[in-house]
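A.B. asks: The structure that follows is given in the form of structure tokens.
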Ligand SMILES: [Zn+2]
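In our numbering, the protein residues as written are 288 to 633.
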């Protein structure tokens with residue numbers, strides 16, 4: 288009789304379930320309390336014949352352990368379900384949400400674009416993966432120019448060394464945008480080409496394998512060097528302050544003739560000379576010049592009817608001058624401690 292009762296209870300216990308803590312407590316009272324099933328069995332156990340006591344005693348202990356384990360596991364399950372929801376406070380406001388900041392290169396690029404847009408320049412875009420034809424050949428680069436060397440430029444594919452459209456590369460300057468634009472548009476036009484460019488350089492505080500440029504191009508009838516100088520002076524004063532002076536030094540680029548490097552008066556010492564400008568009072572900021580007639584002709588523009596000027600600057604360079612960032616690598620490390628410093632800059 289007693290053995291049957293134990294078997295019946297074991298079966299019953301294996302199917303127990305509880306919806307809440309109240310249910311668990313009820314089960315505990317039913318089986319494990321003083322007046323519960325187990326104690327009732329213990330009372331009956333006293334009347335069991337001596338030779339059966341050992342066997343039935345083991346069975347009762349087994350039942351007691353099974354009930355205790357089951358009730359504990361039901362309680363744990365309920366606890367787990369409750370803590371899952373407990374962390375979410377639906378009455379709490381979602382604010383303040385931490386806002387990110389604009390990247391310093393984006394801030395400076397936008398500022399450059401804003402200044403030139405006010406002078407009538409429109410945006411033009413081109414591919415970052417381009418061919419030799421648009422990046423070098425149309426821009427009057429000699430066949431043996433060092434920029435065409437694997438050491439300087441990332442070539443992706445050179446399936447035919449003699450066919451410039453089959454040499455695919457990561458553009459080394461945004462001037463490729465200009466050849467794409469010129470071969471599909473008739474002058475007059477005034478364009479601005481911002482974008483990322485690539486050079487095969489070892490990464491250090493002063494050089495990186497990619498950086499950003501903004502280039503400008505104006506082609507029309509009777510465009511002169513004077514126009515270029517005035518546009519660049521306006522840019523320098525807008526970017527670095529109304530007291531800024533500019534200086535143009537003769538230089539060489541394959542795609543412009545004559546060519547010049549432009550310096551601005553050091554905005555830190557005001558031109559008196561300091562460690563930042565290496566005591567010269569001037570800092571270099573961009574390259575420029577009159578578009579070489581060979582470039583215009585290569586793009587299908589009559590160089591006898593039209594002239595033009597072009598200029599190009601490194602966004603990192605301008606950002607360094609404006610905010611004195613000493614290490615180029617900071618721009619691409621995504622360190623929020625660095626980026627947060629530009630929180631108040633617009
Ligand atoms: Zn200085």
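Here a beta-carbon is modelled for each residue, glycine too, at the ideal position from N, C-alpha and C.
Predicted model only: the values in this text are computed from it and were never measured.
1) Excluding five sequence neighbours on each side, which residues of the same chain lie with their C-beta closer than 7 Å to the C-beta of residue 560?
2) Report all residues for which the CB-ligand distance to some heavy atom of ligand 1 is below 5 Å; order them along the chain.
3) Taking C-beta to C-beta, are residue 519 and residue 462 nearer than 8 Å?
4) In the DSSP assignment, what are the bridge partners of residue 476?
5) With which residues is residue 281 paired in a DSSP beta bridge?
6) Whose C-alpha, out of 452, 329, 611, is nearest the C-alpha of residue 418?
7) Which one or two residues does DSSP pair with residue 543 in a beta bridge?
8) Whose C-alpha, out of 579, 592, 600, is nearest the C-alpha of residue 424?
9) For the candidate residues 574, 493, 622, 479, whose alpha-carbon lies nearest to that of residue 538?
10) Nearest to residue 563 by alpha carbon, out of 619, 609, 602, 356?
11) Looking only at its own chain, which residues have a Cβ that is under 7 Å from the Cβ of residue 626, when we skip the five neighbours before and after it?
12) Name the DSSP bridge partner or partners of residue 500?
13) Could you check where the beta strand (DSSP E) with residue 431 kicks off and where it finishes?
14) If I measure Cβ to Cβ from residue 361 and keep anything under 6 Å in the same chain, skipping five residues before and after, which residues do I get?
15) Report all residues from its chain with a CB closer than 7 Å to the CB of residue 483; omit the five preceding and five following residues, and keep chain order.
16) What does the Cβ neighbour count give for residue 502, buried or exposed, with the cut at 16 atoms within 10 Å?
17) Let me check understanding here. Comparing Cα to Cα, which of 623, 602, 622 lies closest to residue 396?
18) Thinking just about the alpha-carbon of each residue, which of 543, 588, 438 is nearest to the one in residue 598?
C.D. replies: A quick look at the data gives this:
1) What you label residue 560 is simply residue 273 of the chain shown in a count that begins at 1. Cβ neighbours of residue 560 beyond the five flanking positions: 566, 567, 568.
2) So the residues near ligand 1 by this Cβ test are 553, 555, 556, 561, 563, 564.
3) Here residue 519 corresponds to residue number 232 of the chain shown, with the count starting at 1. Here residue 462 corresponds to residue number 175 of the chain shown, with the count starting at 1. The answer is no: Cβ separation not under 8 Å.
4) Your numbering for residue 476 matches position 189 in the chain shown. DSSP, once it has assigned bridges, lists 506 as partnering residue 476.
5) Limits of the chain in this structure are 288 at one end and 633 at the other, which puts residue 281 out of reach.
6) Position 131 of the chain shown, counted from the first residue, corresponds to residue 418. Distance check between residue 418 and each of 452, 329, 611 places 452 closest, using alpha-carbon atoms only.
7) In the chain shown, residue 543 corresponds to position 256, counting from 1. In the DSSP secondary-structure assignment, residue 543 is bridged to 540, 578.
8) Residue mapping note: residue 424 aligns to position 137 of the chain shown, counting from 1. Here the closest residue by C-alpha is 579.
9) Along the chain shown, read from residue 1 onward, the residue named residue 538 stands at position 251. Restricting attention to 574, 493, 622, 479, the CA atom closest to the CA of residue 538 is found in 574.
10) Numbered from its first residue, the chain shown carries residue 563 at position 276. Measuring from the Cα of residue 563, the nearest candidate turns out to be 609.
11) The count along the chain shown starts at 1 and reaches residue 626 at position 339. Closer than 7 Å at the Cβ level, and outside the excluded window around residue 626, lie 388, 390.
12) Within the chain shown, residue 500 is the residue found at index 213, counting from 1. Answer is 482, 601, bridged to residue 500.
13) Against the chain shown, residue 431 aligns to sequence position 144. Counted as a single uninterrupted DSSP element, the stretch harbouring residue 431 is not any beta strand (DSSP E), since DSSP gives it neither H nor E.
14) In the chain shown, residue 361 corresponds to position 74, counting from 1. Cβ within range, chain order: 305, 311.
15) Numbered from its first residue, the chain shown carries residue 483 at position 196. Excluding positions up to five away in sequence, the list reads 415, 497, 499.
16) Working through the chain shown from its first residue, we reach residue 502 at position 215. Under the 10 Å beta carbon count, residue 502 is surrounded by 16 or more other beta carbons and is classified as buried.
17) Within the chain shown, numbered from 1, the residue matching residue 396 stands at position 109. Closest by alpha carbon: 602.
18) Position 311 of the chain shown, counted from the start, is the residue given in the question as residue 598. When each option's Cα is compared against that of residue 598, the closest is 543.
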